[in-house]
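Asks: Residue numbers for the sequence shown follow this note's numbering, beginning at 21 and rising by one.
We put the CB at the ideal spot given by N, CA and C, even for glycine.
Sharing a structure with you now.
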Amino acid sequence: MKAFIFLACVLPLVWCNSEPMKAAVLFDKVDTDKNDYLDQTELDAIFLLFDVDANGQVTKAEFEDDWVNKFSLGNIKEADALFARADQTHDGILTKNDLQAIYTFFDMDNDQKVSLNEFLTQWGRVTLLPVDPVDTHVG
């Protein structure tokens with residue numbers, strides 16, 4: 021219920037920016053028990069959506085393609101940033117072993133549950149990356 025009230029209040033403010041809306045819809049979709057929090061299994065479900073061939077692994081190519089084309093979640097730099105944060109073994113593949121790092125990233129207060137606020141905050145950190153470097157050198 022809290023998530024519904026939150027969304028009802030925030031929806032008009034974010035309607036012009038689709039990124040928070042996409043994240044909120046994604047949160048609601050995987051919050052299967054509708055308790056307004058994501059547990060490890062529910063958050064893992066988001067990343068397992070990217071496992072196109074259902075082999076238990078998400079390659080960087082699968083993740084990038086789905087992030088940009090299938091789910092329209094953002095640009096490739098955003099996909100790469102989240103993938104790099106999650107890929108703890110730096111092998112270019114996400115497995116269930118890597119998913120704990122993703123959960124830790126989103127669970128900002130370490131209470132073993134991810135609130136919508138935590139999810140949107142951390143989602144924003146990934147999606148607000150600069151697209152291109154800015155040269156601030158004067159002269």
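For residue 43, which residues from the same chain have a beta carbon less than 6 Å from its beta carbon, with the 5 sequence-adjacent residues on both sides left out?
Replies: 140 and 143, listed in sequence order.
Asks: In the DSSP assignment, the alpha helix (DSSP H) including residue 132 goes from what residue to what residue?
Replies: Taken as a continuous stretch (DSSP letters only), residue 132 belongs to no alpha helix (DSSP H), as it is neither H nor E.
Asks: Since residue 108 is in the alpha helix (DSSP H), which residue starts that stretch and which ends it?
Replies: First-last for residue 108: undefined, no H or E at that position.
Asks: Helix, strand or coil for residue 78, going by three-state DSSP, please let me know.
Replies: Looking at residue 78 - three-state DSSP - the assignment turns out to be strand.
Asks: Return the residue from the list 70, 53, 84 and 62 that minimises the CA-CA distance to residue 126.
Replies: Residue 62 is the option with its Cα nearest to residue 126.
Asks: Can you give the beta carbon distance from residue 108 to residue 121, rounded, assuming they're within the 8 Å contact cut?
Replies: Indeed, because the Cβ distance is near 5 Å, the residues count as touching under 8 Å.
Asks: Excluding the 5 residues preceding and the 5 following residue 88 in the sequence, name in chain order all residues of the same chain whose CB lies nearer than 8 Å to its CB.
Replies: The residues are 94, 95, 96 and 99.
Asks: Please tell me whether residue 101 and residue 146 are closer than 8 Å, where the distance is taken between their beta carbons.
Replies: Yes, the pair counts as a contact, with Cβ atoms nearer than the cut-off.
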